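Undergrad:
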Amino acid sequence: MKFDRRTFLAGALAAASVAALPKKEAQAATGQPALSTLIDLTRCNGCEGEAMPRCVEACRTKNKSRFPEPNPAMLKNYWPKDNHEDWSEKRDNIYRLTPYNWLFVDEIYLEVEGKEERVNIPRRCMHCDNPPCVSLCPFGTAKKDADGPVRIEPELCFGGAKCRAVCPWQVPQRQAGVGPYTMIDPLPVGAGVMYKCDLCRDLLDQGKAPKCIAACPKEALTIGPKEEIHTLADQLQEKYQGYIYGRDEHGGTATIYVSKIPFALLDAAITEDVDPKQVMRFHQPVNEGDKQHRKASVALLAPIAGVIGAFAATISKKDANDEQE
Amino acid sequence: MSKNEHIVRHPLTVRLTHWLIASSGLLLTFSGIGFMPLYGRFYLNELPGMQWVSDFQTQMNVHYLSAALFMAACIFHVLYHLKRKEFALIPRRGDVMESWLIIKAMLCHKKEPAHDKFLAEQRIAYAAFAFTIAALIVSGYFLALKNSMSFFIAPETLQLFILGHLTFTFLFILQVALHLAAFLIKANRPLLGTMFNGQVEREYAEKRHPRWFKRVSS
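Residue numbers (my numbering), protein chains in the order written: chain A, 1 to 325; chain B, 1 to 218.
(1) Using only CA atoms, which one of Ile270(A), Lys295(A), Asp290(A) lies nearest to glutamate 283(A)?
(2) Starting from glycine 224(A) and walking both ways along the beta strand (DSSP E), at which residues does that stretch end?
(3) Any contact of the segment 73 to 91 of chain B with the segment 153 to 173 of chain B, i.e. 3+ C-beta pairs under 8 Å?
(4) Beta-carbon within less than 8 Å of isoleucine 256(A)'s beta-carbon, same chain only, minus the 5 sequence neighbours each way: which residues are those?
(5) CA-CA distance, alanine 220(A) and phenylalanine 158(A)?
(6) Note down the Cα distance separating glutamate 25(A) from isoleucine 153(B), rounded to an integer number of angstroms.
(7) According to DSSP, simplified to helix, strand and coil, what is asparagine 287(A)?
(8) Scan the segment 60 to 82 of chain A for residues whose Cβ lies nearer than 7 Å to a Cβ of chain B and list them as they occur along the chain.
(9) Would you kindly work out how many angstroms separate the C-alpha atoms of tryptophan 79(A) and tryptophan 169(A), rounded to a whole number?
(10) So, at 6 Å on beta carbons, what are the nonlocal neighbours of alanine 182(B) in its own chain, with the 5 sequence-adjacent residues on each side left out?
(11) Please determine whether the Cβ atom of proline 210(A) lies at a distance below 6 Å from any heavy atom of the ligand GTP.
(12) Given histidine 179(B), which residues of its chain have a CB within under 8 Å of its CB, disregarding the five upstream and five downstream residues?
(13) With a threshold of 7 Å between beta-carbons, can asparagine 321(A) be considered close to chain B, or not?
(14) Distance check for tyrosine 181(A) and asparagine 45(B), CA to CA, integer angstroms please.
(15) What does tyrosine 80(B) touch in chain A if you count any residue whose Cβ is under 7 Å from its own?
(16) Output yes if chain A places a C-beta closer than 7 Å to the C-beta of alanine 67(B); else output no.
(17) Where in the segment 286 to 315 of chain A do unbroken runs of the beta strand (DSSP E), each at least 3 residues long, occur, reported from the N-terminal end onward?
(18) Who are the near neighbours of glutamine 27(A) in its chain, counting only those whose CB is closer than 6 Å to its CB and skipping five residues on each side?
(19) Can you tell me whether DSSP reads glutamine 241(A) as helix, strand or coil?
(20) Please state the DSSP three-state secondary structure of serine 218(B).
(21) Run through DSSP, which three-state label would methionine 332(A) get?
(22) Look up tyrosine 109(A) in the DSSP assignment and give the residues it is bridged to.
(23) Tell me whether glutamate 153(A) sits in a helix, a strand or coil according to DSSP, three-state version.
(24) Whole angstroms are fine: how far does the CA of proline 132(A) sit from the CA of lysine 23(A)?
(25) In its own chain, which residues sit with a C-beta less than 7 Å from the C-beta of phenylalanine 104(A), not counting the 5 before and 5 after it?
(26) To the nearest angstrom, report how far apart glutamate 116(A) and glutamate 288(A) are at their CA atoms.
(27) Would you mind working out which of Leu266(A), Glu323(A), Glu111(A) sits nearest valine 279(A), comparing C-alpha positions?
(28) Closest to aspartate 185(A) by C-alpha separation, out of Leu75(A), Lys64(A), Ala312(A), Asn63(A), would be which residue?
(29) Is there at least one Cβ from chain B nearer than 7 Å to alanine 254(A)'s Cβ?
(30) Which whole-angstrom value is the C-beta distance of methionine 195(B) and histidine 10(B), which I expect to be below 8 Å?
(31) Could you work out which residues of chain B lie near leucine 300(A), taking near to mean beta carbons separated by less than 8 Å?
(32) Can you pull the chain B residues whose beta carbon is under 9 Å from the beta carbon of valine 307(A), in chain order?
(33) Kindly confirm or deny that the segment 62 to 75 of chain B and the segment 305 to 315 of chain A touch, where touching means at least three C-beta pairs closer than 8 Å.
(34) Under the assumption that glutamine 175(A) contacts proline 70(A) (Cβ atoms under 8 Å), give the Cβ distance between them as a whole number of angstroms.
(35) Based on DSSP bridge pairs, tell me the residues matched to leucine 69(B).
(36) Would you report the Cα separation of threonine 314(A) and leucine 163(B), rounded to the nearest angstrom?
Here's what the structure looks like:
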């Protein structure tokens, strides 16, 4: 199977009807395999010479109707804090993730084997296999679909930004003045709504590729069934004698980068002279959610202690029963 | 029965279970509310020794630990009393009407109906608590199970469990508040001490809980 944007027809059916199932079975039940995307950094040139990379433009155009339109009266500080996050006057910023820009192309320069290289890196949500934003969202508005995309539904999002705090790439971005918290103002809870890429969930449902993938003139972006994308990544890695990022990092993601340049070098270039927490890195984050699995398992055994304790405590009939008529 | 005009109302096992449920429930609620996340916004994490409240992984660890204690204590409570055939807190027919009569008597300073070991309101409150706690345990257990086994669950179903857990948390907080508010009523205050020392004054028991008193003194 070829994976390019034109032949991609692996649209996902709604997974909502699938109840709790092991992941593989759930994916089988939707009739579609888990999807993955591949970003070939050797192909991307950031649409050199154009006003904006086409993937970014396609993303912004497609999602424009979903961008936040804040209530100006609600653009006030999050009491008792003296700040609030408002990007509504900076909608044109295409150089980072914002509530109005869910994909950007990072352009970095670095020296590799004595030669200056320019690398263009499309960055958006990695769509983790075990996303901590989903595990820890207190309202369940961050959702992971059976076929892979991770999305945030704005209807119940209070903008606490916990999803951003636990995301190793700080992907979700907050906009104040929108969302359900505006309805309970002046109660000092909530701060807006979090926004990020959902891999064009609606297009996937129609069997179409996400807009960024369809728009790429270099065919640097690809989507397809996860296993096939992994095979393709291996083939490209071998072809370029290159490197892969995103397959195993953070416990696995649905975004695989392939590069001729080691990702450690790219990461060093990205973080040079900036606060590493303020940029999207190519680091090796530990998935805290995976660690939590073991702790949750221990908690699940607690009822056994209650059962054993109750039987042990009732062996002796020393205390009289004063509750029977 | 003790020599100094007191009788045993709650044996040590019952008191320990009560306080284990209360303390782990408090910790569960505190760590659970922190998931929202609120504590960082209100500078709680800047108080000495409270930095952990804005660390979500630590919060989760605390939540799991307190959930383990809470579940074990609740299951112990149910099985312990089931095995001992102690059902004095189970609501009985006519409890709603009796509760109304008690409230009316308290408000109008009239004589209350003769109580058994527990008041009709206590039995109703217990049933409400039991329902809320059962819903919290079932939904929480399911969420922990999902986190531990990493199985796929339809996101809408998952959200239903999360919102259900959240709703019952608020109900739990409300019920705890009402539980504590019961001690604003003077007549209930002697019962407060019984949860610490297990004893109640003989005279009080005889007057307010004659049906129970008759049984324990026979």
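Backbone N, C-alpha and C fix where the C-beta goes; we use that ideal spot for every residue, glycine too.
These numbers come from a predicted model, not from an experiment.
TA: On the basis of the data shown:
(1) One point to set straight first is that residue 283(A) is histidine, not glutamate, in the sequence displayed. Of the candidates Ile270(A), Lys295(A), Asp290(A), Ile270(A) places its Cα closest to the Cα of histidine 283(A).
(2) It spans 221 to 225 - the beta strand (DSSP E) in which glycine 224(A) sits, taken as one unbroken run.
(3) In short, these stretches do not touch, since the Cβ pair count stays below three.
(4) Taking isoleucine 256(A) as the centre and dropping the five residues before and after it, the same chain places the C-beta of Ser36, Thr37, Leu38, Ile39, Ile229, His230, Ala233, Ile244, Tyr245, Gly246, Arg247 closer than 8 Å to its C-beta, in chain order.
(5) So the alpha carbons of these two residues sit roughly 36 Å apart.
(6) Only weak support is given to the placement of glutamate 25(A): the predicted model assigns it a pLDDT of 45, under 50, and the value that follows is read from those uncertain coordinates. Roughly 11 Å between the two C-alpha positions.
(7) The DSSP-derived three-state label of asparagine 287(A) is coil.
(8) Correct list: Tyr78, Pro80, Lys81.
(9) Cα-Cα distance, rounded: 27 Å.
(10) Result list for alanine 182(B): Asn188, in chain order.
(11) What this structure holds is no ligand at all, so the ligand GTP is not there to describe.
(12) Cβ within range, chain order: Ala125, Phe129.
(13) At least one CB of chain B lies nearer than 7 Å to the CB of asparagine 321(A).
(14) Distance between the alpha carbons of asparagine 45(B) and tyrosine 181(A) is about 23 Å.
(15) Under the 7 Å cutoff, chain A gives Ala310, Ala313, Thr314.
(16) Yes, its Cβ sits closer than 7 Å to a Cβ of chain A.
(17) Within the segment 286 to 315 of chain A, there are no complete beta strand (DSSP E) runs of at least 3 residues.
(18) Bear in mind that a pLDDT of 46 at glutamine 27(A), under 50, signals an unreliable position, so the number given afterwards is only what the model happens to contain. Hits under 6 Å: Pro33, Ala34, Ala146.
(19) Collapsing the DSSP output to three states places glutamine 241(A) in coil.
(20) In the structure shown, serine 218(B) adopts coil according to DSSP, grouped into three states.
(21) In the structure displayed, chain A extends from 1 to 325; residue 332(A) sits before or after that span and is not available.
(22) Beta bridge pairing from DSSP links tyrosine 109(A) with Arg118(A).
(23) In this structure, DSSP gives glutamate 153(A) a state outside helix and strand, which the three-state scheme calls coil.
(24) For lysine 23(A), the predicted model reports a pLDDT of 47, less than 50, meaning its position is unreliable and no value from the coordinates is stated.
(25) Within the same chain, phenylalanine 104(A) has close Cβ partners Val56, Ile94, Tyr95, Arg96, Leu97, Arg123.
(26) Roughly 37 Å separates the two Cα atoms.
(27) When C-alpha distances from valine 279(A) are compared across Leu266(A), Glu323(A), Glu111(A), the shortest belongs to Leu266(A).
(28) Nearest Cα to aspartate 185(A) within the set Leu75(A), Lys64(A), Ala312(A), Asn63(A): Leu75(A).
(29) Any Cβ of chain B closer than 7 Å to the Cβ of alanine 254(A) would place that residue at the interface, and such an atom is absent.
(30) Rounded to whole angstroms, the Cβ separation of methionine 195(B) and histidine 10(B) is 7 Å, and the two are in contact under 8 Å.
(31) Simply Tyr141, Ala144, Leu145, Ser148.
(32) Residues of chain B passing the Cβ test: Ala72, Ile75, Phe76, Leu79.
(33) Output reads yes: the segment 305 to 315 of chain A touches the segment 62 to 75 of chain B.
(34) With 8 Å as the limit, glutamine 175(A) and proline 70(A) qualify as a contact, their Cβ atoms being about 6 Å apart.
(35) Beta-bridge pairing links leucine 69(B) to no other residue.
(36) Looking at the two C-alpha atoms, the distance is approximately 37 Å.
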